[in-house]
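Trainee: Sharing a structure, written as structure tokens. Questions coming.
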Amino acid sequence: MFSKRLGIMAIIVAVSYSIVSAAERSIPKPLPGHPGNIFLAGEDVAVEIPDDGIGEWKIVDYDGKVLREGRGPGRLELGRLPVGYYALVGEGIDAKERKPLSIGVLAPLKAPTPETSPVACDVGMAWSYTEKEMPTVANLCTLAGLNWVRDRFSWKDLEPSPGRLSERGRYDVSAEVQEGAGLKVLQVNHNTPPWAWEWAYDQRGRFPPDLRDAYNFYRRVAQRWRGKILAIEPWNEADAWDFGYHTGSEIATMQKASYLGLKAGNPTLIVGQNALSALRRPTTLGDFHANRAWPYFDTFNFHTYDPFFNYPGWGEAFRAVSAGRPMWLTEVNKPVPLDKADKFREPNRENLRAQADRLMIIYALSFHEGSDMTFFFYLPEFGKDLQFGLLRPDFTPRPGFLTLAAVGRLLADARPLGRLNAEDKNLHVYAFRAKPDGQTRTVLVAWKDEQPATLNLPVEPIAVYDVLGRETAARKSLALSSSPVTLVLAEGDAAKLDLVPPPQKPEWIDGAPSPIVVQCLLPKKRVELDKSAYRIVRGKTERVPIYVYNFGTEPAEVRLSVKGPESWDASLAESIGIAPGAREMLPLSISVPPAAEEIETILIEADRGSAGEAVLSMRFLPK
7 MFSKRLGIMA IIVAVSYSIV SAAERSIPKP LPGHPGNIFL AGEDVAVEIP
57 DDGIGEWKIV DYDGKVLREG RGPGRLELGR LPVGYYALVG EGIDAKERKP
107 LSIGVLAPLK APTPETSPVA CDVGMAWSYT EKEMPTVANL CTLAGLNWVR
157 DRFSWKDLEP SPGRLSERGR YDVSAEVQEG AGLKVLQVNH NTPPWAWEWA
207 YDQRGRFPPD LRDAYNFYRR VAQRWRGKIL AIEPWNEADA WDFGYHTGSE
257 IATMQKASYL GLKAGNPTLI VGQNALSALR RPTTLGDFHA NRAWPYFDTF
307 NFHTYDPFFN YPGWGEAFRA VSAGRPMWLT EVNKPVPLDK ADKFREPNRE
357 NLRAQADRLM IIYALSFHEG SDMTFFFYLP EFGKDLQFGL LRPDFTPRPG
407 FLTLAAVGRL LADARPLGRL NAEDKNLHVY AFRAKPDGQT RTVLVAWKDE
457 QPATLNLPVE PIAVYDVLGR ETAARKSLAL SSSPVTLVLA EGDAAKLDLV
507 PPPQKPEWID GAPSPIVVQC LLPKKRVELD KSAYRIVRGK TERVPIYVYN
557 FGTEPAEVRL SVKGPESWDA SLAESIGIAP GAREMLPLSI SVPPAAEEIE
607 TILIEADRGS AGEAVLSMRF LPK
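Everything in the sequence shown is counted per this note's numbering, starting at 7 for the first residue and increasing by one.
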């Protein structure tokens with residue numbers, strides 16, 4: 007048992023972080039000209055004061071301290087500034103009509119970002135930036151110490167007609183730029199091309215009804231981006247109303263076909279689970295898990311936008327269906343309101359500070375709850391009423407970008423050790439084994455709620471940093487605020503703390519993918535999304551179309567069996583032969599008693615002998 011567990015852990019490590027590296031890691035430096043006014047501590051800072059009607063002006067730091075005063079436009083030489091966020095405030099035209107001007111000074115990385123660091127960000131490079139802008143954004147990501155970045159593509163753009171991929175375009179450039187900068191890239195698809203729809207099934211915005219289209223597309227995409235894209239999510243939030251409206255059963259089925267296609271195109275590719283939304287409906291999760299999809303994903307991917315007190319809830323819910331695979335939180339945020347009166351959609355000072363505080367807390371809590379990779383959403387400007395983004399359209403930073411860089415440096419390679427067992431429930435302290443500045447250390451992230459709280463440690467910290475990564479006085483006793491601080495302790499000091507262990511990783515569930523995939527194909531109008539079920543008419547016999555696919559290279563003779571509630575009559579052909587790359591339709595006959603009211607499950611098992619078993623579990627709601 008012990009040796010098996012070691013083998014499983016080796017598989018997890020190999021699959022999660024890939025033996026294929028991005029470009030060789032090095033310590034990044036800013037691009038010439040310092041786009042976005044991003045500098046490293048120790049560099050001379052110089053910026054242009056714009057000619058936008060400004061009169062008297064001041065350069066202030068994050069705390070409102072004035073560094074420099076002047077009047078009118080021109081080049082401003084500020085010399086070497088310490089780590090921090092700096093902003094221009096001034097008189098003249100209405101401030102809400104003036105483009106924000108800010109400066110970010112980051113601590114230089116002292117070691118390359120570890121290959122296994124869980125600090126990641128959703129950048130949306132191909133959708134949010136021009137090809138000319140991409141190198142700048144990639145450079146800023148490396149300066150922030152990011153490991154993985156998430157990008158987005160559109161199936162209909164890449165395969166505008168069946169069987170033929172588009173010419174080299176922005177998705178390819180994005181992949182090359184990010185990989186060339188030493189970043190690892192996770193891609194996600196958002197749609198099905200119109201040519202793959204079937205109007206009879208109302209498939210607009212949903213999975214392709216013929217899963218061979220998905221298999222073939224993903225095989226070609228995996229081949230095209232081999233060595234450039236290291237991981238792919240086949241779909242984004244298919245359990246949400248506006249991204250597919252799919253049941254857990256349908257999500258599992260699509261996952262199986264996509265996985266087989268992606269691995270056929272590139273066996274070393276990390277295939278993530280179709281990223282599940284923050285809704286985390288128990289019915290959807292249970293329906294998905296009942297379809298035994300775990301051999302068909304290397305990482306279990308999900309999203310949350312929950313308040314912080316709900317993090318244990320999503321942790322428990324998603325861990326329960328992860329089958330022991332590494333958990334990747336590929337979208338997470340708690341956005342802040344933007345100032346609608348501001349021409350440039352900028353949050354006010356209070357909300358900018360809240361964004362920075364929230365970002366640090368998000369990473370600490372998500373790592374503690376079991377996320378092996380956390381992608382903050384979103385690096386670019388984004389949001390109609392709420393602001394998600396850390397960079398403005400001109401690449402200048404909001405304070406949260408400084409926090410992202412602090413997380414990337416101080417929580418590099420973080421692994422949870424637990425939370426401090428404090429009597430004061432207003433006090434939040436989470437401990438990690440991490441590699442700040444390349445040195446293995448115990449790192450604490452600490453903050454308080456609204457009431458005053460003091461952190462008393464049994465050991466002296468090596469260093470203490472505020473939410474922007476600015477070093478502050480290190481002492482055993484710290485008066486905390488709602489703005490988190492990061493404390494670096496000696497490596498062995500975790501043993502001197504009274505820690506409640508983090509949630510236990512779930513057990514690995516064995517399983518091997520089968521080339522046989524079984525699909526139920528019913529139109530969207532039959533879906534009861536909140537219940538992850540299909541509506542079915544009671545008191546009559548229905549014929550539900552079931553498709554059996556063979557994604558293998560050899561003909562298959564498949565034996566079929568059906569299990570359902572005793573009071574229902576469900577039947578299907580007992581066997582079927584399927585050629586390689588083919589699909590066959592078999593009608594599932596279901597008779598529902600007139601008095602039936604409860605949701606019931608029907609399970610189809612498809613046995614291909616030594617080639618393995620495939621299953622399809624479906625939930626039906628009598629109406």
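Ideal Cβ positions, reconstructed from N, Cα and C, are used throughout, including at glycine.
State the beta-bridge partners of Glu310 as determined by DSSP.
Mentor: Residue 310 is actually Thr in this sequence, not Glu. According to DSSP, Thr310 bridges with Val338.
Trainee: Between which residues of its own chain and Phe84 is the CB-CB distance below 6 Å, once the five residues before and five after are set aside?
Mentor: At residue 84 the sequence reads Leu, which differs from the Phe that was named. Val51, listed in sequence order.
Trainee: Give, in chain order, every unbroken run of the beta strand (DSSP E) that is at least 3 residues long and sits entirely within the segment 225–260.
Mentor: Runs of the beta strand (DSSP E) inside the segment 225–260: 237–239.
Trainee: At a cut of 8 Å, does the segment 295–309 reach the segment 212–222 through at least three beta carbon pairs?
Mentor: They do not touch, by the three-pair rule.
Trainee: Which stretch, first to last residue, makes up the beta strand (DSSP E) that contains Glu97?
Mentor: Start and end: 90–98.
Trainee: What is the DSSP secondary structure of Ser27, counted as helix, strand or coil?
Mentor: Here Ser27 scores only 47 on pLDDT, less than 50, and its place in the model is too uncertain to base an answer on.
Trainee: If you draw a straight line from the C-alpha of Lys105 to the C-alpha of Phe350, how long is it?
Mentor: When rounded, the distance between both Cα atoms is 6 Å.
Trainee: For a quick check, are the C-beta atoms of Asn297 and Ala258 less than 8 Å apart?
Mentor: A contact, by the Cβ cut-off of 8 Å.
Trainee: Tell me Lys269's beta-bridge partners as DSSP assigns them.
Mentor: Answer by DSSP bridge pairing: none, since Lys269 is not bridged.
Trainee: So does the segment 338–347 actually touch the segment 376–392, counting three or more Cβ pairs closer than 8 Å?
Mentor: Segments in contact, yes.
Trainee: Mind reading off the beta-carbon distance from Val554 to Arg589? Whole number of angstroms is fine, and I expect it under 8 Å.
Mentor: Indeed, because the Cβ distance is near 7 Å, the residues count as touching under 8 Å.
Trainee: At the level of alpha carbons, what is the spacing between Phe626 and Pro571?
Mentor: The straight-line gap from Cα to Cα measures roughly 11 Å.
Trainee: Let's test the definition: count the other Cβ atoms within 10 Å of the Cβ of Thr460 and tell me whether it reaches 16, buried, or not, exposed.
Mentor: Burial call: exposed.
Trainee: Starting from the C-beta of Ser27, find all residues in its chain whose C-beta is less than 7 Å away, skip the five residues before and the five after it, and write them out in chain order.
Mentor: In this prediction, Ser27 has a pLDDT of 47, which is less than 50 and means its spatial position is unreliable; nothing more can be read from the coordinates.
Trainee: Only counting runs of 4 or more residues, tell me where the alpha helix (DSSP H) segments fall wholly within the segment 400–448, in order along the chain.
Mentor: Here the runs fully enclosed are 405–416.
Trainee: If you compare alpha carbons, which of Val143, Ile238, Asp128, Ser255 is closest to Leu527?
Mentor: Of the listed residues, the one whose Cα sits closest to Leu527 is Ser255.
Trainee: Where does Pro458 land, buried or exposed, given buried means 16+ other C-beta within 10 angstroms?
Mentor: Exposed.
Trainee: Excluding the five sequence neighbours on either side, which residues of its own chain have a C-beta within less than 7 Å of the C-beta of Trp201, listed in chain order?
Mentor: Closer than 7 Å at Cβ, skipping near neighbours: Ser167, Pro168.
Trainee: So what does DSSP say about Gly80, is it helix, strand or coil?
Mentor: Strand at Gly80.
Trainee: Which residues in the same chain as Leu486 place their Cβ atom closer than 8 Å to its Cβ, once the five residues preceding and following it in sequence are excluded?
Mentor: Result list for Leu486: Leu433, Ala452, Trp453, Lys454, Ala459, Thr460, Leu461, in chain order.
Trainee: Would you decide whether Phe315 is buried or exposed? Buried here means 16 or more other CB atoms lie within 10 Å of its CB.
Mentor: The residue in question, Phe315, is exposed, as its Cβ has fewer than 16 Cβ neighbours within 10 Å.
Trainee: According to DSSP, is Arg355 helix, strand or coil?
Mentor: Looking at Arg355 - three-state DSSP - the assignment turns out to be helix.
Trainee: Can you list, in chain order, the stretches of the alpha helix (DSSP H) that have 4 or more residues and sit fully within the segment 126–172?
Mentor: As far as the segment 126–172 is concerned, its whole alpha helix (DSSP H) runs of at least 4 residues are 131–134, 140–149, 161–164.
Trainee: CB Tyr317 to CB Tyr265, shorter than 8 Å?
Mentor: Contact flag unset, no.
Trainee: Judging by CA-CA distance, which residue of Asp504, Leu164, Gly188, Gly186 is the nearest neighbour of Tyr177?
Mentor: Minimum Cα distance to Tyr177 is reached at Leu164.
Trainee: Could you pull out every residue in the same chain whose Cβ sits closer than 6 Å to the Cβ of Ala630, ignoring the five residues on either side in sequence?
Mentor: Nothing in the structure corresponds to residue 630, since the chain is present only between 7 and 629.
Trainee: Using three-state DSSP, classify Gly68 as helix, strand or coil.
Mentor: Position check: residue 68 holds Tyr in this sequence, whereas Gly was assumed. Looking at Tyr68 - three-state DSSP - the assignment turns out to be coil, as it is neither helix nor strand.
Trainee: The beta strand (DSSP E) that contains Gly583, what's its start and end?
Mentor: From DSSP, the beta strand (DSSP E) with Gly583 extends over 581–584.
Trainee: If we count Cβ pairs, one from each stretch, closer than 8 Å, do we get three or more for the segment 126–134 versus the segment 172–186?
Mentor: Contact holds: three or more Cβ-Cβ distances are below 8 Å.
Trainee: Is the beta carbon of Leu192 sitting closer than 8 Å to the one on Trp231?
Mentor: In this structure, Trp231 does not lie closer than 8 Å to Leu192 by Cβ.
Trainee: What residues are listed by DSSP as bridge partners for Ile368?
Mentor: Looking at the DSSP assignment, Ile368 forms no beta bridge with any residue, so it has no partner.
Trainee: Anyone know if the C-beta pair for Arg541 and Glu534 falls short of 8 Å?
Mentor: Taking 8 Å as the Cβ cut-off, Arg541 and Glu534 qualify as a contacting pair.
Trainee: Since I believe Pro199 is in contact with Tyr224 (beta carbons under 8 Å), could you give me their beta-carbon distance rounded to a whole number of angstroms?
Mentor: The Cβ separation is near 13 Å, so there is no contact.
Trainee: Which residues bound the alpha helix (DSSP H) around Ala181?
Mentor: Where Ala181 is concerned, the enclosing alpha helix (DSSP H) stretches over 176–186.
Trainee: Within its chain, find whatever has a CB closer than 7 Å to the CB of Glu548; leave out the 5 residues flanking it on each side and keep chain order.
Mentor: Within the same chain, Glu548 has close Cβ partners Ile542, Ile596.
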